[in-house]
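Chemist: Numbering (our numbering), first residue to last: 48 to 807.
One structure follows; several queries about it will come next.
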Amino acid sequence: MLIHIQHAIQNELAPDRLLFRFEAAAAHDRLGTFGRWIRRAGAEDAPVETVEILRGDRLFFQLPPAAGAFSFQMPSASRAECHIMVSPLNSLDRRGQTSLRMTPRFSDDGTHIVYTELWVDRLRLLYVSPESLISRTFREDLSRIIKGSPPGGLIIDEAHAISEWGGSFRSAYQRIPRMIEDLRRGNPRLAVLAVTAASGKWIGRDVRAMLDLEDRSPPLRRNVYRERVSHQAAVVRSPEEKEAAYEQLLWRDIPALLAREGVVDPAAEAFPQYRDPYAPCLELAPAGRAAPADVAVAQRRFGDSGSRHILIHTGMGDRVTDWLYKTGDAGRGRRRLHCIRLADLPSDDCEADLDARQTRIPRCSGQVCAFGRGALCDYGKQHHLIQRSHPAIREAFSDILRTLDGLLTISASGDPPARIPLPDGDGGRTETALHRLSLLGVIDIFFVDYRESPPAFKIYGFKPEIAGTALALRLLRFLKKHDVSHAGPPTAGAPEPPSDTPESRVYPSFEIMGEGFEAAAWLREAHADAPFAAYERHPGLFHRVAAYLSPTLHYVSENLKRMRYRRLWNLKSFMRARLCRQAALIRSVHAVDAEWRCDACDRCRPDPAGDLMGSSPAGAPRPPEALEGFLRDWLEADGVRFDEEAGAILFDRFADRAADLTARAERLLEEDPRNLKALHLLVRFSGGRDRQRHERDLREACDQQRSLARVLRLCDVDPDGEAMLKALADLSGDGSGGGTAPLGMGPDALTVPSTNPRQT
Numbered sequence: 048m049l050i051h052i053q054h055a056i057q058n059e060l061a062p063d064r065l066l067f068r069f070e071a072a073a074a075h076d077r078l079g080t081f082g083r084w085i086r087r088a089g090a091e092d093a094p095v096e097t098v099e100i101l102r103g104d105r106l107f108f109q110l111p112p113a114a115g116a117f118s119f120q121m122p123s124a125s126r127a128e129c130h131i132m133v134s135p136l137n138s139l140d141r142r143g144q145t146s147l148r149m150t151p152r153f154s155d156d157g158t159h160i161v162y163t164e165l166w167v168d169r170l171r172l173l174y175v176s177p178e179s180l181i182s183r184t185f186r187e188d189l190s191r192i193i194k195g196s197p198p199g200g201l202i203i204d205e206a207h208a209i210s211e212w213g214g215s216f217r218s219a220y221q222r223i224p225r226m227i228e229d230l231r232r233g234n235p236r237l238a239v240l241a242v243t244a245a246s247g248k249w250i251g252r253d254v255r256a257m258l259d260l261e262d263r264s265p266p267l268r269r270n271v272y273r274e275r276v277s278h279q280a281a282v283v284r285s286p287e288e289k290e291a292a293y294e295q296l297l298w299r300d301i302p303a304l305l306a307r308e309g310v311v312d313p314a315a316e317a318f319p320q321y322r323d324p325y326a327p328c329l330e331l332a333p334a335g336r337a338a339p340a341d342v343a344v345a346q347r348r349f350g351d352s353g354s355r356h357i358l359i360h361t362g363m364g365d366r367v368t369d370w371l372y373k374t375g376d377a378g379r380g381r382r383r384l385h386c387i388r389l390a391d392l393p394s395d396d397c398e399a400d401l402d403a404r405q406t407r408i409p410r411c412s413g414q415v416c417a418f419g420r421g422a423l424c425d426y427g428k429q430h431h432l433i434q435r436s437h438p439a440i441r442e443a444f445s446d447i448l449r450t451l452d453g454l455l456t457i458s459a460s461g462d463p464p465a466r467i468p469l470p471d472g473d474g475g476r477t478e479t480a481l482h483r484l485s486l487l488g489v490i491d492i493f494f495v496d497y498r499e500s501p502p503a504f505k506i507y508g509f510k511p512e513i514a515g516t517a518l519a520l521r522l523l524r525f526l527k528k529h530d531v532s533h534a535g536p537p538t539a540g541a542p543e544p545p546s547d548t549p550e551s552r553v554y555p556s557f558e559i560m561g562e563g564f565e566a567a568a569w570l571r572e573a574h575a576d577a578p579f580a581a582y583e584r585h586p587g588l589f590h591r592v593a594a595y596l597s598p599t600l601h602y603v604s605e606n607l608k609r610m611r612y613r614r615l616w617n618l619k620s621f622m623r624a625r626l627c628r629q630a631a632l633i634r635s636v637h638a639v640d641a642e643w644r645c646d647a648c649d650r651c652r653p654d655p656a657g658d659l660m661g662s663s664p665a666g667a668p669r670p671p672e673a674l675e676g677f678l679r680d681w682l683e684a685d686g687v688r689f690d691e692e693a694g695a696i697l698f699d700r701f702a703d704r705a706a707d708l709t710a711r712a713e714r715l716l717e718e719d720p721r722n723l724k725a726l727h728l729l730v731r732f733s734g735g736r737d738r739q740r741h742e743r744d745l746r747e748a749c750d751q752q753r754s755l756a757r758v759l760r761l762c763d764v765d766p767d768g769e770a771m772l773k774a775l776a777d778l779s780g781d782g783s784g785g786g787t788a789p790l791g792m793g794p795d796a797l798t799v800p801s802t803n804p805r806q807t
């Protein structure tokens with residue numbers, strides 16, 4: 048079976064996902080046109096080839112931005128075999144697939160899982176929803192569907208959902224390792240393939256580790272320079288001005304650019320009408336009308352040869368590097384391309400407020416501008432989406448404690464396993480709460496039993512009493528697994544073990560937990576609003592779970608938000624930059640000679656109505672090899688930790704390359720928010736308000752690293768005491784003691800000696 052993948056990204060506001068096309072591998076005549084397209088598309092860069100998956104392979108593919116088409120060939124299945132795909136059912140591309148014969152089945156055959164059966168000629172593909180993996184009868188139902196024949200291959204779509212860092216984490220995906228183990232009992236040569244279009248090195252790390260896969264991800268295209276590409280950024284200050292600017296670009300500026308190249312004025316229907324790209328996401332459509340289709344990226348070809356392109360972008364949800372790869376993909380094959388970014392950016396008052404508070408997070412809330420604008424700017428709209436995609440941790444905290452209360456009440460009146468009815472309209476909140484309790488070891492495992500009426504969660508291994516030592520061990524595993532600080536094992540500076548043992552210590556009361564501990568305050572307020580039925584019988588369990596739960600909810604979520612705000616800020620900075628556009632883009636992936644200019648962007652040629660379509664310099668800018676090597680081998684190397692000596696060498700040797708250094712450091716922090724090397728570099732090579740913001744970032748990273756090291760140490764030596772609670776509060780970033788400036792971090796400090804992880 049030959050499977051073609053393309054990114055399903057019509058705009059950057061929707062999560063990355065993949066579209067799949069299935070072909071019989073033997074149908075070479077139907078692949079002729081596709082093969083010719085692949086060869087032509089890959090002529091300029093590395094050739095695009097079909098990857099052959101062999102029996103027994105365990106491979107992971109993390110597709111880079113604008114990767115275009117990607118194909119792989121699964122092992123030929125015998126008549127009795129099939130291939131299984133685990134994926135949300137809505138990600139299957141069924142349009143135009145006349146070669147497929149689809150047989151949908153929704154629990155009408157006695158099974159309790161949701162699946163769709165696809166036939167490609169005589170090849171069978173079983174498409175299973177991931178939520179089905181939680182079904183108590185999943186093994187039996189799957190065996191019934193495949194009629195006892197072991198599958199030949201397992202394909203995992205949207206594999207990023209298995210990782211907390213994926214942005215769309217689904218606890219059901221954590222059952223996939225168990226599924227692989229079961230399938231391999233019947234077929235030791237089962238081929239396993241996991242694919243995702245979501246970027247981020249922590250995602251790749253988690254998927255590979257959890258599924259034991261070999262990374263075969265296509266490399267990011269290094270040849271990103273395109274000779275006949277020009278760039279223009281249009282900054283406006285209101286939605287009305289943005290729409291007017293869009294119309295001016297389409298009806299005056301672009302036709303003028305095209306006319307100078309001998310292209311006749313395009314017909315009116317050639318251009319898409321402007322629609323606010325955030326309208327579908329923020330429900331901004333007028334009353335009584337459906338939200339318009341998103342046109343965040345509008346691409347149009349002009350000219351008889353189809354070689355001239357216009358690419359217009361009207362949103363702020365992607366990265367600077369994503370834009371670079373999108374333009375590189377559109378401009379391949381020496382295609383003439385003009386790229387326009389149009390955005391409504393914050394007002395001067397908002398910018399001044401962001402600088403004064405040394406933050407990237409605006410004050411607007413509830414889609415209301417804090418500075419009197421009638422509508423949010425694009426930066427504010429993106430901020431709203433970030434906040435919405437990272438719901439308040441307090442809500443999740445309350446859901447988990449309510450679920451715990453229900454378990455205690457149910458277990459006191461019945462025999463194991465405990466049963467919780469599957470709520471209607473729950474949206475997976477109970478499932479997520481049970482998953483969090485299993486991470487802490489409060490329960491062992493849970494399933495959904497659809498054979499009962501009504502269906503219910505069945506929970507096994509529930510522990511009404513659990514020691515702080517057991518919770519500390521689980522917390523220790525979680526924090527070590529998700530550590531993004533590159534901190535080594537704490538040695539010096541850690542507190543000494545207490546004289547009495549944890550087993551002899553009485554667990555601290557609410558008073559010891561203190562008013563400043565956010566988890567304690569939330570527990571009090573939740574109990575006051577709607578008393579927990581089992582609290583009087585099990586106060587210690589509630590206290591323990593509240594204390595140890597807080598870091599598991601805060602740590603990944605807060606770092607993800609930090610990454611997204613930095614991406615948003617970097618994109619805003621690119622829009623406002625007064626440097627060459629192409630140089631600024633290319634610097635995000637490799638160094639550029641300081642004097643290089645594209646001579647084809649609105650910074651090199653300031654008049655937007657001028658000759659932006661002129662020829663770019665012949666040949667790609669030459670990267671300084673010494674600088675590029677140092678960045679790759681020191682700044683971007685995870686195994687190399689920050690130390691003053693290496694930092695001093697960097698500062699002295701490359702002091703004249705500030706633009707290259709800061710661009711790479713900013714990009715690195717979009718995926719590695721606690722990277723001390725990048726933060727120190729930015730403090731050294733920035734000034735003014737930017738420097739103050741970077742100094743604050745560095746202080747927070749140092750505080751987080753110290754708090755993490757202290758928690759890891761106390762998990763071993765004092766897991767059930769007051770010091771542990773204080774450390775947990777600091778790690779959760781709740782303002783109960785963190786935020787102390789590290790040693791030597793004055794306004795003119797270049798280094799922070801005390802942040803060496805092995806000296807924490």
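C-beta atoms are modelled at their ideal positions from N, C-alpha and C, and glycine is treated no differently.
At the level of alpha carbons, what is the spacing between H529 and R382?
Modeler: Taking the straight line joining both Cα atoms gives about 43 Å.
Chemist: Which residues does DSSP pair with K505 in a beta bridge?
Modeler: DSSP, once it has assigned bridges, lists R466 and F494 as partnering K505.
Chemist: List, from N- to C-terminal side, the beta strand (DSSP E) runs of 3 residues or more that fit wholly inside the region 159-202.
Modeler: Runs found: 161-167 and 170-175.
Chemist: Would S118 pass as a contact of T97 if the rule is Cβ separation under 8 Å?
Modeler: Cβ atoms of S118 and T97: closer than 8 Å.
Chemist: Assuming V764 is part of the alpha helix (DSSP H), what are its boundary residues?
Modeler: Start and end: G735 to V764.
Chemist: Counting along the chain, where does the alpha helix (DSSP H) carrying L110 start and finish?
Modeler: Per DSSP, L110 belongs to no alpha helix (DSSP H) and is neither H nor E.
Chemist: For C648, which of helix, strand or coil comes out of DSSP?
Modeler: C648 falls in the coil class under three-state DSSP.
Chemist: In or out: P224 buried (at least 16 other Cβ within 10 Å) or exposed?
Modeler: P224 should be labelled exposed.
Chemist: Note down the Cα distance separating R466 from V764, rounded to an integer number of angstroms.
Modeler: Rounded to the nearest angstrom, the two C-alpha atoms are 36 Å apart.
Chemist: Could you give the DSSP three-state label for M257: helix, strand or coil?
Modeler: Correct three-state label for M257: helix.
Chemist: So, at 8 Å on beta carbons, what are the nonlocal neighbours of R275 in its own chain, with the 5 sequence-adjacent residues on each side left out?
Modeler: Result list for R275: G378, R381, R382, R383, L384, S662 and S663, in chain order.
Chemist: Across which residues does DSSP place H574 in a beta bridge pair?
Modeler: Paired residue(s): none; H574 is not in a bridge.
Chemist: Between the Cα of V489 and those of L526, T450 and P502, spot the shortest distance and give me the residue it belongs to.
Modeler: The shortest Cα separation from V489 among L526, T450 and P502 belongs to T450.
Chemist: So what's S412 in DSSP terms, helix, strand or just coil?
Modeler: In this structure, S412 counts as strand in the three-state DSSP scheme.
Chemist: Return the chain-ordered ranges of every alpha helix (DSSP H) run that is complete within the region 650-715 and spans a minimum of 4 residues.
Modeler: Fully enclosed alpha helix (DSSP H) runs of 4 or longer: 672-677 and 691-700.
Chemist: Taking DSSP's pairing of strands, which residues face H430 in a bridge?
Modeler: Answer is none; H430 lacks a bridge partner.
Chemist: When the Cα atoms are used, what is the spatial distance from L106 to A241?
Modeler: Their Cα atoms are separated by approximately 6 Å.
Chemist: For a minimum of 4 consecutive residues, which ranges assigned as the alpha helix (DSSP H) are wholly contained in the region 370-425?
Modeler: Runs of the alpha helix (DSSP H) inside the region 370-425: 395-404.
Chemist: Going by CA-CA distance only, name the one from Y220, V639 and L267 that's closest to R704.
Modeler: Checked all of Y220, V639 and L267; the closest Cα to R704 is V639.
Chemist: Just curious, the alpha helix (DSSP H) that A450 is in, first and last residue?
Modeler: Note that residue 450 is Thr in the sequence shown, not Ala. Unbroken alpha helix (DSSP H) run through T450: I440 to A459.
Chemist: Considering only DSSP beta bridges, list what A280 is partnered with.
Modeler: Beta-bridge pairing links A280 to R388.
Chemist: What are the boundary residues of the beta strand (DSSP E) that I131 is part of?
Modeler: Run containing I131: H130 to V133, per the beta strand (DSSP E) assignment.
Chemist: Would you call the region 242-255 and the region 384-395 in contact, with 3 or more CB pairs under 8 Å?
Modeler: Flag = no, the region 242-255 and the region 384-395 do not touch.
Chemist: Just list the residues that DSSP pairs D262 with in beta bridges.
Modeler: In the DSSP output, where bridge partners are listed per residue, D262 has F107.
Chemist: Give every residue of the same chain whose Cβ lies closer than 6 Å to the Cβ of M610, excluding the five residues on either side of it in the sequence, and list them in chain order.
Modeler: Contacts found: E717 and P720.
Chemist: Does DSSP put A238 in a helix, in a strand, or in coil?
Modeler: DSSP places A238 in strand when its eight states are reduced to three.
Chemist: Name the two residues that bound the continuous alpha helix (DSSP H) containing F732.
Modeler: Counting along the chain, the alpha helix (DSSP H) containing F732 begins and ends at L723 to F732.
Chemist: Ordered along the chain, which non-local residues of its own chain (more than five positions away) have a Cβ less than 6 Å from that of G515?
Modeler: Around G515: R591, P766 and D767.
Chemist: Give the C-beta separation of V531 and N606 to the nearest angstrom, bearing in mind that I take them to be a contact with Cβ-Cβ under 8 Å.
Modeler: At roughly 6 Å, the Cβ-Cβ gap stays under 8 Å, so V531 and N606 are in contact.
Chemist: Out of curiosity, what's the CA-to-CA distance linking S246 and L778?
Modeler: Roughly 26 Å separates the two Cα atoms.
Chemist: For V367, count the other beta carbons within 10 Å of its own beta carbon; 16 or more makes it buried, fewer makes it exposed. Which is it?
Modeler: By the 10 Å Cβ count, V367 comes out buried.
Chemist: Please report how far the alpha carbon of G195 lies from the alpha carbon of L189, in whole angstroms.
Modeler: Going by the C-alpha atoms only, they are around 9 Å apart.
Chemist: If I'm right that L371 touches L674 with Cβ under 8 Å, what's the distance once you round it to whole angstroms?
Modeler: With 8 Å as the limit, L371 and L674 do not qualify as a contact, their Cβ atoms being about 19 Å apart.
Chemist: From S134 to L180, what distance separates their C-alpha atoms?
Modeler: Their backbone Cα atoms lie some 11 Å apart in a straight line.
Chemist: By Cβ distance below 6 Å, which residues in the same chain neighbour A581 in space, the five residues on each side in sequence not counted?
Modeler: Excluding sequence neighbours, A581 sits near D452, L455 and T456.
Chemist: Name the DSSP bridge partner or partners of V603?
Modeler: For V603, which the question treats as bridged, DSSP gives no partner whatsoever.
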